[in-house]
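To start, the structure under review is shown below, and the notes come after it.
Number of protein chains: 2
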Amino acid sequence: MSNDPLGFCAHDHASCMRSAMKAAQEACAARGVQFTKVRQRTLEILLESHAALGAYDVLARLNAEGLGSKPPVAYRALAFLVEQGFVHRIERLNAFIACARPGADHDPAFMICRACGTVAEAETASVGLKASASQSGFQIEQTVIEAEGLCPTCQTGAGT
Amino acid sequence: MSNDPLGFCAHDHASCMRSAMKAAQEACAARGVQFTKVRQRTLEILLESHAALGAYDVLARLNAEGLGSKPPVAYRALAFLVEQGFVHRIERLNAFIACARPGADHDPAFMICRACGTVAEAETASVGLKASASQSGFQIEQTVIEAEGLCPTCQTGAGT
DNA sequence: GTCTATCCTGTTATGTTATAACATACTTTC
DNA sequence: GAAAGTATGTTATAACATAACAGGATAGAC
Ligand SMILES: [Zn+2]
Ligand SMILES: [Zn+2]
Ligand SMILES: [Zn+2]
Ligand SMILES: [Zn+2]
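In structure tokens form, the structure reads like this:
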């Protein structure tokens, strides 16, 4: 079933990154879009952790490597990656995170730890939402489902 | 059951506003917090429509009435109203909307029409989200559930 | 190969959303 | 009416985001 949200559990992160980059590489080739240096590097930066990074954080990293120093560079790369489904935007944080399940067309839900900043991606559980919507005739195009709270690790000893 | 999302259906909006203001008034009295002029007016401004307003839109309205011209005035009033549960923040829009069911402690879900800007509030349908969360040990404190799409009215003739 | 159309990047400038910090005024309690 | 707590006014700046245009790389047509 592999429905475990990554991020809260230990895993081979190096292979996690490698497979995500490979999946993106192949998807770009298949779709005939360019996976340029800036785009690759932006995705790699986001893949380094299962936390969300702000556009300006990404930009700072790119800039340090001589890959662009002005906001539009980062925003354009991020917009491309979001369009292609390799990255998700976390509305609550005004930030971006690499997709944990690239390839599959999906409507993700996120769990955001307010203590450590880790963000885990889960499958959407929007059955009820869709029911509510269709009941009132609303036609859903996109969903934002984000829960904020404490991850398993941060619950122990984080009474505050 | 009265589970209809307001906003997409006709209703007596004047009475809708009046009862919301009254509920807020009473809740403030009961909780011993001040329902000041700026706070009242801010809530009234949001109640005027079932659309979301940005903080600076609210500020412009307040300013036109001599109730404050600087961002913190609007942001403070909005923060108060959100705390008290009279107003919700729509993350997707960086905007605010008056609660359609004040009084009840609830976890709302929103349906945002991308064409006309109407936002309807429904009950949260986060059963699956909670299941996902507890499965991985995540402790939810707050949820953001927002769907974007087309409302019933805008579907007719809005092929674009 | 080179021309051309398209897409990508670099840069300037500006727009939008949000808060920190401190001064002043009001309200409640005693 | 003094003290404590709460709310507002104001300055300044931080953080997030995009419009618009110029230049460079890439890909397909010939
Ligand atoms: Zn994903
Ligand atoms: Zn955590
Ligand atoms: Zn509500
Ligand atoms: Zn509409």
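From first to last, the protein sequence lines stand for chains A and B. In terms of the working numbering, the first sequence is residues 4 to 163. In terms of the working numbering, the second sequence is residues 4 to 163. Glycine included, each C-beta is placed from N, C-alpha and C at the ideal position. The model shown is predicted, which means the values in this text are computed figures rather than measured ones.
Distance between B/HIS16 and B/SER22, taken at the CA atoms: about 10 Å. Among the residues facing chain B, A/THR146 is included, as its CB has a counterpart in that chain under 8 Å away.
Exclusion of the five residues before and after B/ARG104 leaves PRO111, GLU124 as the residues of its chain whose Cβ lies within less than 8 Å of its Cβ. Rounded to whole angstroms, A/CYS19 and B/LEU132 show a C-alpha spacing of 24 Å. Following the DSSP letters along the chain, one finds B/ALA17 in no beta strand (DSSP E) but inside the alpha helix (DSSP H) bounded by residues 16-34. The stretch 88-102 of chain A makes contact with the stretch 145-157 of chain A; the number of CB pairs closer than 8 Å reaches 3 or more. Shortest gap from the CB of B/CYS102 to any heavy atom of ligand 3: under 7 Å. Contact annotation: in the stretch 63-88 of chain B, no residue has its CB less than 7 Å from a CB in chain A. When DSSP states are grouped into helix, strand and coil, B/GLU47 belongs to the helix group. A straight line joining the alpha-carbon of A/LEU56 with that of A/GLY88 spans about 17 Å. 8 Å or more divides the Cβ of A/VAL36 from the Cβ of A/VAL76. Judged by the Cβ position, A/GLU124 qualifies as a neighbour of ligand 1 at the 7 Å threshold, a heavy atom of the ligand being closer than this.
Taking B/PHE38 as the centre and dropping the five residues before and after it, the same chain places the C-beta of ALA27, GLN28, CYS31, ALA32 closer than 8 Å to its C-beta, in chain order. Per DSSP, B/PRO105 lies in no beta strand (DSSP E) segment and is marked neither H nor E.
B/PHE141 is not a Cβ neighbour of A/MET24, given a cutoff of 8 Å.
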